[in-house]
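**Student:** Those protein sequences? They're chains A and B, same order as listed. Just so you know, the numbering used here puts 347 at position 347 of the first sequence, and the rest follows in order with no gaps. Just so you know, the numbering used here puts 808 at position 324 of the second sequence, and the rest follows in order with no gaps.
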Amino acid sequence: MRNYDKLIFELSKPGRKAYMLPPMDVEDVALDSLIPGEFINEEDLQLPELTEVDVIRHYTNLSNKNYGVDTGFYPLGSCTMKYNPKINEDTARYDGFANIHPLQSADCIQGSLQLLHELEQSLCEIAGMDRMTLQPAAGAHGELTGIMIIKAYHEKNGESHRNKIIVPDSAHGTNPATAGMAGYKIVEIKSTKDGLVDLDALRAAVGDDTAGLMLTNPNTLGIFDKGIKEIASIVHEAGGLLYYDGANANAIMGHARPGDMGFDVVHFNLHKTFSTPHGGGGPGSGPVGVKKRLIEFLPVPMVEKNEDGYYFDYDYPNSIGKVKDFYGHFGILVRAYTYILTLGGDGLKRASEMAVLNANYICSQLKDYYHLPIDTIYKHEFVLGGLKDTLSEVSTLDIAKRLLDLGYHPPTVYFPLIINQAIMIEPTETESKETLDEFIQAMIQISKEAASDPEMVKSAPHNTIVRRPNEVKAARDIIVKYEG
Amino acid sequence: MHPYIANTPEDIQEMLKAIGLESVDQLFDDIPKDVHLNREIDLPNAKSELEVTNYLKELADKNCSLSKLTSFLGAGAYDHYIPSIINHIISRSEYYTSYTPYQPEISQGTLQYIFEFQTLIANLTGMDSANASLYDGGTAIVEAALMAAAYSRKDEIIISRSVKPDARKILQTYAHVQNLKVIEVDVKDGVTDVEALEGLVNDNTAAVIVQSPNFFGIIEDLKTIGEVAHRGKKTTFVAAVDPISLGILKKPGDLGVDVVVGEGQALGIPVSFGGPYLGFMAVKNDYIRKIPGRIVGQTEDLDGKRSFVLTLTAREQHIRREKATSNICSNQGLNALAATIYMVTLGKEGLREVALQSTKKAHYAYEQMIKSGKFKPMFDKPFFKEFAITSDLKPADINAVLREEMIIGGYDLGLEYPEFEGGVLYAVTEKRTKDEIDKLTSVLEGI
Chain A
1 MRNYDKLIFE
11 LSKPGRKAYM
21 LPPMDVEDVA
31 LDSLIPGEFI
41 NEEDLQLPEL
51 TEVDVIRHYT
61 NLSNKNYGVD
71 TGFYPLGSCT
81 MKYNPKINED
91 TARYDGFANI
101 HPLQSADCIQ
111 GSLQLLHELE
121 QSLCEIAGMD
131 RMTLQPAAGA
141 HGELTGIMII
151 KAYHEKNGES
161 HRNKIIVPDS
171 AHGTNPATAG
181 MAGYKIVEIK
191 STKDGLVDLD
201 ALRAAVGDDT
211 AGLMLTNPNT
221 LGIFDKGIKE
231 IASIVHEAGG
241 LLYYDGANAN
251 AIMGHARPGD
261 MGFDVVHFNL
271 HKTFSTPHGG
281 GGPGSGPVGV
291 KKRLIEFLPV
301 PMVEKNEDGY
311 YFDYDYPNSI
321 GKVKDFYGHF
331 GILVRAYTYI
341 LTLGGDGLKR
351 ASEMAVLNAN
361 YICSQLKDYY
371 HLPIDTIYKH
381 EFVLGGLKDT
391 LSEVSTLDIA
401 KRLLDLGYHP
411 PTVYFPLIIN
421 QAIMIEPTET
431 ESKETLDEFI
441 QAMIQISKEA
451 ASDPEMVKSA
461 PHNTIVRRPN
471 EVKAARDIIV
481 KYEG
Chain B
485 MHPYIANTPE
495 DIQEMLKAIG
505 LESVDQLFDD
515 IPKDVHLNRE
525 IDLPNAKSEL
535 EVTNYLKELA
545 DKNCSLSKLT
555 SFLGAGAYDH
565 YIPSIINHII
575 SRSEYYTSYT
585 PYQPEISQGT
595 LQYIFEFQTL
605 IANLTGMDSA
615 NASLYDGGTA
625 IVEAALMAAA
635 YSRKDEIIIS
645 RSVKPDARKI
655 LQTYAHVQNL
665 KVIEVDVKDG
675 VTDVEALEGL
685 VNDNTAAVIV
695 QSPNFFGIIE
705 DLKTIGEVAH
715 RGKKTTFVAA
725 VDPISLGILK
735 KPGDLGVDVV
745 VGEGQALGIP
755 VSFGGPYLGF
765 MAVKNDYIRK
775 IPGRIVGQTE
785 DLDGKRSFVL
795 TLTAREQHIR
805 REKATSNICS
815 NQGLNALAAT
825 IYMVTLGKEG
835 LREVALQSTK
845 KAHYAYEQMI
855 KSGKFKPMFD
865 KPFFKEFAIT
875 SDLKPADINA
885 VLREEMIIGG
895 YDLGLEYPEF
905 EGGVLYAVTE
915 KRTKDEIDKL
925 TSVLEGI
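1. Please classify A:Gln441 as buried or exposed, where buried requires at least 16 neighbouring CB atoms within 10 angstroms.
2. Assign A:Thr342 to buried or exposed, taking buried as 16 or more other Cβ atoms, counted over all protein chains shown, within 10 Å of its Cβ.
3. Whole angstroms is fine: what's the gap from A:Pro218's alpha carbon to A:Thr210's?
4. Is it buried or exposed for A:Thr390, if we count other Cβ within 10 angstroms and need 16 for buried?
5. To the nearest angstrom, how far is it from the Cα of A:Phe485 to the Cα of A:Ala98?
6. Closer than 8 Å between beta carbons: that is the criterion. Which residues of the stretch 801-812 of chain B meet it against chain A?
7. Compare the C-beta of B:Gly752 against all C-beta atoms of chain A and say whether one is closer than 8 Å.
8. Please name the residues in the stretch 553-580 of chain B whose beta-carbon is closer than 8 Å to at least one beta-carbon of chain A, in chain order.
9. Give me whichever residues DSSP pairs with B:Met765 in a beta bridge.
10. Could you tell me whether the Cβ of B:Ile654 comes closer than 8 Å to any Cβ of chain A?
11. With a threshold of 16 other CB atoms inside 10 Å of the CB of B:Ser582, please say whether the residue is buried or exposed.
12. Identify every run of the alpha helix (DSSP H) within the stretch 74-107 of chain A, keeping only runs that are complete inside it and at least 4 residues long; order them along the chain.
13. Quick one: which chain B residues come within Cβ less than 9 Å of A:Cys124?
14. Between the stretch 520-537 of chain B and chain A, which residues of the former have a C-beta closer than 9 Å to a C-beta of the latter?
15. Kindly list the residues whose CB is nearer than 7 Å to the CB of B:Ile605, restricted to its own chain and excluding five residues on each side of it in sequence; keep chain order.
16. With H, G and I counted as helix, E and B as strand and the rest as coil, what does DSSP make of B:Val885?
17. Can you tell me whether B:Gln602 is buried or exposed? The criterion is at least 16 other CB atoms within 10 Å of its CB, across all chains shown.
18. Verify whether the separation of the beta carbon atoms of B:Arg715 and B:Val685 is less than 8 Å.
19. Can you tell me the Cα-Cα spacing of A:Met424 and A:Asp325, whole angstroms?
20. Touching or not, the stretch 830-837 of chain B and the stretch 8-20 of chain A, by the rule of three or more beta carbon pairs under 8 Å?
21. Going by beta carbon distance, what residues of the same chain come within less than 6 Å of A:Arg467, once the five residues before and after it are set aside?
22. Going by DSSP, what residues sit across from B:Leu781 in a beta bridge?
23. For B:Val519, write down the residues that DSSP places opposite it in a beta bridge.
24. In terms of alpha-carbon separation, which member of A:Leu196, A:Gln365, A:Ala152 and A:Arg257 lies closest to B:Asp526?
25. Give me the subset of the stretch 786-797 of chain B whose CB atoms are less than 9 Å from a CB atom of chain A, sorted by chain position.
26. Report the residue from A:Ile223, A:Phe39, A:Asn88 and A:Leu404 whose alpha carbon sits nearest the alpha carbon of A:Thr464.
27. Would you say A:Ser105 lies against chain B (beta-carbon separation less than 8 Å)?
28. Kindly say whether B:Thr827, judged by its beta-carbon, lies nearer than 8 Å to any beta-carbon of chain A.
29. A:Glu449 versus chain B: which residues are under 8 Å apart at the beta carbon?
30. Pick out whichever of B:Ile882, B:Asp545, B:Glu542 and B:Gly781 has its Cα sitting closest to the Cα of A:Ala475.
31. Tell me the DSSP secondary structure of A:Arg131 in three-state form.
32. Quick one: any contact between the stretch 262-272 of chain A and the stretch 225-233 of chain A, if contact means 3 or more CB pairs under 8 Å?
33. Quick check: the Cα distance between A:Ile419 and B:Asp742, rounded to an integer number of angstroms?
34. What residues of chain A sit near B:Pro585, judged by a beta carbon separation below 9 Å?
35. Is there a C-beta anywhere in chain B that falls below 8 Å from the one on A:Pro176?
36. Taking just the CA atoms, how far does A:Met81 sit from A:Glu434?
Spelled out as structure tokens, the structure:
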């Protein structure tokens, strides 16, 4: 295949046009008779001139340089790269959803409000929470919203001195970043050798200054923390609240609910568990659920229903306020609700079961070839610690790059930070046994190549369109726009 | 069996055997009994595609689509023309089913379009560089405020009341937890009161934030405001802009603005009941290492080929954890692609034409509306595609009459600005025709 290497700007030719507007049908007066000349830009715009075919072909060629879930297996741990159903894309584009202005009057938006109301109720049932805001734009934004709710709760109780958030050392980077952004100090506690929260360390860490604990369960190692009830009571007894990072919720739907584990605040990543596309880095959606005693702090507006129909309720005097323009990523919410309706309660439970089965199956087939730091029953993902042969010069990065040659998107690497040479594998439920078996064979092949021809693995990838772009150079000689 | 779940009963048995278990339930034995959900989730069972689409069509049909009505509603979400090719390209699943481009070898498509997006935004705003996107225009304003506070190590944020109300509310929410002090500058004749601003800027000022065209559609005097803002020591001048307006208005980068943010929805993204939209941020060189979110940089691969990678990642949450410049992770990747296609499709002439037609049609509507004297201009200042009108009628009553004529009226300013009660903000894009505008004004005259 031809190696396409143009930037859109390099295709531009003066005089070309990819658009056409209807002729102006009002009087064509001079612009400077409407707007004073001092505000008007007299220079040409620095935009390219192309035909429609140029644009289509360019972005089609670029798309061929990408790898998506529809291309192949994408076992990126913690990211839940499950299949993105096509029906979701259709429903979000329905005229009656896509072409609704957010500020239309209540009688014009009953369908949207009903969808938001039903989605909220469904997510509350799945999470075991009492109410949920659908406003947050992504997981990290949900975390921030949730931590702000925790802060508002302590402030209302006259406990503003609670200025610390506890996070385990296995946490996602967004957890400490969020707590920092919300004005908290972070206390990191170490995990036990089994990858769980160290209860003694937690007991030592909590106190009168504890605002809360942020936890992912199953955690980033893919292990369900069986001490969760004890963890919850330690934090609650100290006066803190529990925050659930829902990044790993795909493991437990229909089997356990954060609300029943003792969590007070929960976020879900709809772009993980509820099949909405990752879009090459968003838009996502990160709804946040709370227990009854925290409802008053939710961001406004919430959707309510009375005899006249559905409406936006702004009457939350203790609300943390607004966190997002309008009401959240509605188009993503439509996709997630479509998915929930399609799978139903039974399908969601089955999805979690098969996600867990798939992860444990791969783990069982790879542990003879790769180092498995913790040998246990995993949930939806598991973490290897590089090759079984610990003396090998072949690193996790090399293994990841060699997987590219073999046609796979590599797993998450070097995370969680507490596992040396971490390779975090999350297959999801939408992959078949045949796909898993082929991936397993590829992983085994690489482990053998690492012994027989380590140089070849270390210099991988060999057949990708680019090979190990130089990140150090990118950060040193900063080029972040096209200069011509 | 479900269409999205592949394992057959036979597969399941083989896999369980390989793991050394007998039943799927055993995979969940590690969940303690007292937290195990000992009932089924209380949701309806799985439904077929036909059942789901029938139900959701029913919901969608309860809404009143802009495609069946004529809209003069804006106030932060705009009904501009969306070229058909955008939906075709963003529907390519190589784009929309991919993750954040952590593996550059198989993500050059995403990385390159983000690089192109950054270039287009930087060029349009007249800035040195731009990031890969933020959630929306409102949170982009807030991220700019937080960046300015971190940059200057100061804690006072001055924001004009002519900045859209949602953004000011989000800023209050964030400022509270960061212990930042937000000071709002009043509006005078529909624009930021520069004299009042002069009295507020001092050495504690981290940022001065304005919007232009502002919430009332009026073009702010960025040059003068910037001069006042820069009387503060290390004060960052932030301007939120409508990117469509940059088809005709001077580049903020040429007017002394340090950080340009904005809402990119108008760049080919449907109004979609408020989201997902597209926040953007462009900065002068001084700020590049403080900017929130992803940035793509150009580099070379092992064979010296031009290639693209995520860069300056030491600012970000996955590396810096609690010291990150922001916690943002997922942003608006696919919508940045939509905006990129929009900008290159409209191109050098098209963006100007969209801006010109919107301006001229808005001014035509304005002139027609105020002609008889029944409706009066709320402000007397140069505006872009939106303007405020007042009368003796209640905005809700006006809109109810318009609605019967299949017209969506303007935004009721009294909802957020008690001082402008009775005012209605009308938006006119290039999509509105003379006939539609004439119908609006004749219905208004008849009320």
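No residue lacks a Cβ here, since even glycine has one placed at the ideal position from N, Cα and C.
**Tutor:** Result, derived from the coordinates:
1. The residue given as residue 441 of chain A occupies position 441 in the first sequence. By the 10 Å Cβ count, A:Gln441 comes out exposed.
2. Translated into positions along the first sequence, residue 342 of chain A becomes position 342. A:Thr342 comes out buried.
3. For the purposes of this step, residue 218 of chain A is taken as the residue at position 218 of the first sequence. For the purposes of this step, residue 210 of chain A is taken as the residue at position 210 of the first sequence. Roughly 23 Å between the two C-alpha positions.
4. Along the first sequence, one-based indexing puts residue 390 of chain A at 390. Exposed, since its Cβ has fewer than 16 Cβ neighbours within 10 Å.
5. No statement about residue 485 of chain A is possible, as the shown extent of chain A runs from 1 to 484 and does not include it.
6. Gln801, His802, Ile803, Arg804, Arg805, Glu806, Lys807, Ala808, Ser810, Asn811 and Ile812
7. Along the second sequence, one-based indexing puts residue 752 of chain B at 268. The C-beta of B:Gly752 comes no closer than 8 Å to any C-beta of chain A.
8. Identification of residues in the stretch 553-580 of chain B having a C-beta nearer than 8 Å to some C-beta of chain A yields Ser555, Leu557, Ala559, Gly560, Ala561, Asp563, Tyr565, Pro567, Ile569, Asn571, His572, Ile573, Ser575, Arg576, Ser577, Glu578, Tyr579 and Tyr580, given in sequence order.
9. Counting from one through the second sequence, the residue named residue 765 of chain B turns up at place 281. Paired residues: B:Val745.
10. Taking the second sequence and counting its residues from 1, the one referred to as residue 654 of chain B is at position 170. B:Ile654 has a beta carbon lying within less than 8 Å of a beta carbon in chain A.
11. The residue given as residue 582 of chain B occupies position 98 in the second sequence. By the neighbour-count rule (16 or more Cβ atoms within 10 Å), B:Ser582 is buried.
12. 86-92 and 95-98
13. Locating residue 124 of chain A in the first sequence gives position 124, counting from the first residue. Residues of chain B passing the Cβ test: none, with the nearest at roughly 10 Å.
14. His520, Leu521, Glu524, Ile525, Asp526, Leu527, Pro528, Asn529, Ala530, Lys531, Ser532, Glu533, Glu535, Val536 and Thr537
15. Walking along the second sequence from the start, residue 605 of chain B turns up at place 121. Correct list, in chain order: Ala614, Phe764 and Ala766.
16. In the second sequence, the residue the question calls residue 885 of chain B occupies position 401. B:Val885 falls in the helix class under three-state DSSP.
17. Here the question's residue 602 of chain B lines up with position 118 in the second sequence. Buried.
18. The residue labelled residue 715 of chain B in the question sits at position 231 within the second sequence. The residue labelled residue 685 of chain B in the question sits at position 201 within the second sequence. Yes, Cβ-Cβ distance for B:Arg715 and B:Val685 is below 8 Å.
19. Within the first sequence, numbered from 1, the residue matching residue 424 of chain A stands at position 424. Within the first sequence, numbered from 1, the residue matching residue 325 of chain A stands at position 325. Cα to Cα, A:Met424 sits roughly 35 Å from A:Asp325.
20. yes
21. Indexing the first sequence from 1 puts residue 467 of chain A at position 467. Cβ within range, chain order: Pro461.
22. Numbered from 1 along the second sequence, position 297 holds the residue referred to as residue 781 of chain B. Rather than Leu, the amino acid found at residue 781 of chain B in this sequence is Gly. Paired residues: B:Val793.
23. Indexing the second sequence from 1 puts residue 519 of chain B at position 35. Answer is none; B:Val519 lacks a bridge partner.
24. Within the second sequence, the letter at position 42 stands for residue 526 of chain B. Among A:Leu196, A:Gln365, A:Ala152 and A:Arg257, the Cα nearest to that of B:Asp526 is on A:Arg257.
25. Leu786, Asp787, Lys789, Arg790, Ser791, Phe792, Val793, Leu794, Thr795, Leu796 and Thr797
26. Indexing the first sequence from 1 puts residue 464 of chain A at position 464. Relative to the Cα of A:Thr464, the nearest Cα in the group A:Ile223, A:Phe39, A:Asn88 and A:Leu404 belongs to A:Leu404.
27. Numbered from its first residue, the first sequence carries residue 105 of chain A at position 105. Cβ-Cβ to chain B under 8 Å: yes for A:Ser105.
28. Here the question's residue 827 of chain B lines up with position 343 in the second sequence. One detail in the question is off: residue 827 of chain B reads as Met in this sequence, not Thr. For B:Met827, the answer is yes, since a Cβ of chain A falls inside 8 Å of its Cβ.
29. Here the question's residue 449 of chain A lines up with position 449 in the first sequence. Chain B residues near A:Glu449: none, gap ~18 Å exceeds 8 Å.
30. What you label residue 475 of chain A is simply residue 475 of the first sequence in a count that begins at 1. Closest option to A:Ala475, Cα to Cα, is B:Gly781.
31. Your numbering for residue 131 of chain A matches position 131 in the first sequence. Strand at A:Arg131.
32. Yes, since at least three Cβ pairs between the stretch 262-272 of chain A and the stretch 225-233 of chain A fall closer than 8 Å, the two stretches touch.
33. For this step, residue 419 of chain A is matched to residue 419 along the first sequence. For this step, residue 742 of chain B is matched to residue 258 along the second sequence. Straight-line Cα distance between these residues: approximately 42 Å.
34. Locating residue 585 of chain B in the second sequence gives position 101, counting from the first residue. Per Cβ cutoff of 9 Å: Asn66, Gly280 and Gly281.
35. Locating residue 176 of chain A in the first sequence gives position 176, counting from the first residue. So, interface residue.
36. Mapped onto the first sequence, residue 434 of chain A falls at position 434. Mapped onto the first sequence, residue 81 of chain A falls at position 81. Roughly 17 Å between the two C-alpha positions.
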